[in-house]
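Using the UniProt record's numbering, count along the sequence shown one by one with no gaps and you end on 196.
Note that beta-carbon positions come from the ideal geometry of N, C-alpha and C, so glycine has one too.
These numbers were taken from a predicted model, which means no experiment stands behind them.
First up is the structure itself, then whatever we jot down about it.
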Amino acid sequence: MTKNMSADHRRKQVIDAAICCLVERGYANFSVKDIAEEAGVSTGILYHYFKSKDDIMQEVLKEVFSRTDGAVRDSVGEKLQPDEILGTYLEFVGKLVRRDRLTYIVTMNYLGQVLYNDKMQMAMRRFFKNMRSYSSNTLERVFHENDREVGKKETDAVSAILIGVSLGLGIQSIVDEDNIDLDLCTEILYQAIMEK
Numbered sequence: 001m002t003k004n005m006s007a008d009h010r011r012k013q014v015i016d017a018a019i020c021c022l023v024e025r026g027y028a029n030f031s032v033k034d035i036a037e038e039a040g041v042s043t044g045i046l047y048h049y050f051k052s053k054d055d056i057m058q059e060v061l062k063e064v065f066s067r068t069d070g071a072v073r074d075s076v077g078e079k080l081q082p083d084e085i086l087g088t089y090l091e092f093v094g095k096l097v098r099r100d101r102l103t104y105i106v107t108m109n110y111l112g113q114v115l116y117n118d119k120m121q122m123a124m125r126r127f128f129k130n131m132r133s134y135s136s137n138t139l140e141r142v143f144h145e146n147d148r149e150v151g152k153k154e155t156d157a158v159s160a161i162l163i164g165v166s167l168g169l170g171i172q173s174i175v176d177e178d179n180i181d182l183d184l185c186t187e188i189l190y191q192a193i194m195e196k
């Protein structure tokens, strides 16, 4: 690594290395030294940019989830017709497992830590809160445009269910890919939500 690399570039290099370690080894099976080796930097340089493994892993979570969040928002843009929004959203979530297994693998690793690490618990709480908020806003738009009167509490509940189902399907698909039909699951979920 050259001295001329920007701080942002070095931080990204370390974050990318940490992602590789996390995916290949699992959260508990790598150290800061392993991350430094993967990044091709000394542990001293790594500690110049990050305080600890937890600090690095917080940044990993932000990086991975911001990529996914951007992709979801791009797929369900304002240009879609009201009757296309929910189907497109659910289709994207269903296909996310195949297109972006990284997000699910990272999520599974973090979920394994939330009972033992307050910072991870807070980060996952924020992640789920943001997902529920975005999902609720999307559902409110869909329900409104389809003349469905659904209250805020009910919409928020459907959002929580949708995220729980999506996460559960993603985990099952990673563990038992050959026995999960994501397309069929997505279609049934769409029908259940849109049923009057």
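Please state whether DSSP places residue i in a helix, a strand or coil.
i      : result
Ile171 : helix
Arg141 : helix
Asp156 : helix
Met1   : For Met1, the pLDDT reaches just 46, beneath the cut-off of 50, and the residue's location in the model is therefore unreliable, although a value from the coordinates is still provided. Here Met1 sits in coil by DSSP.
Glu187 : helix
Gln13  : helix
Leu86  : helix
Spatial neighbours of residue i within its chain, please: C-beta separation below 6 Å, excluding the five flanking residues on both sides.
i      : result
Lys53  : Val32
Phe143 : Val150
Ile56  : Ala18, Phe50
Glu140 : Thr155
Leu162 : Ser135
Glu63  : Ile15
Since I believe residue j is in contact with residue i (beta carbons under 8 Å), could you give me their beta-carbon distance rounded to a whole number of angstroms?
i      : j      : result
Val93  : Leu46  : Wrong, their Cβ atoms sit about 35 Å apart, outside the cutoff.
Tyr190 : Leu102 : About 25 Å; that fails the 8 Å criterion.
Phe128 : Phe65  : 10 Å between Cβ atoms; not a contact.
Is the distance from the Cβ of residue i to the Cβ of residue j below 8 Å?
i      : j      : result
Val60  : Ile19  : yes
Arg98  : Tyr49  : no
Thr155 : Ser136 : yes
Leu111 : Met124 : yes
Tyr104 : Thr138 : no
Ser173 : Leu182 : yes
Suppose the cutoff is 8 Å on Cβ atoms and the five residues either side in sequence are ignored; what does the same chain contact list for residue i look like?
i      : result
Asp34  : Cys21, Arg25
Lys119 : Asp54, Gln58
Who are the Cβ neighbours of residue i in its own chain at under 7 Å, not counting the five residues just before and after it?
i     : result
Glu38 : Ala17, Cys20, Cys21
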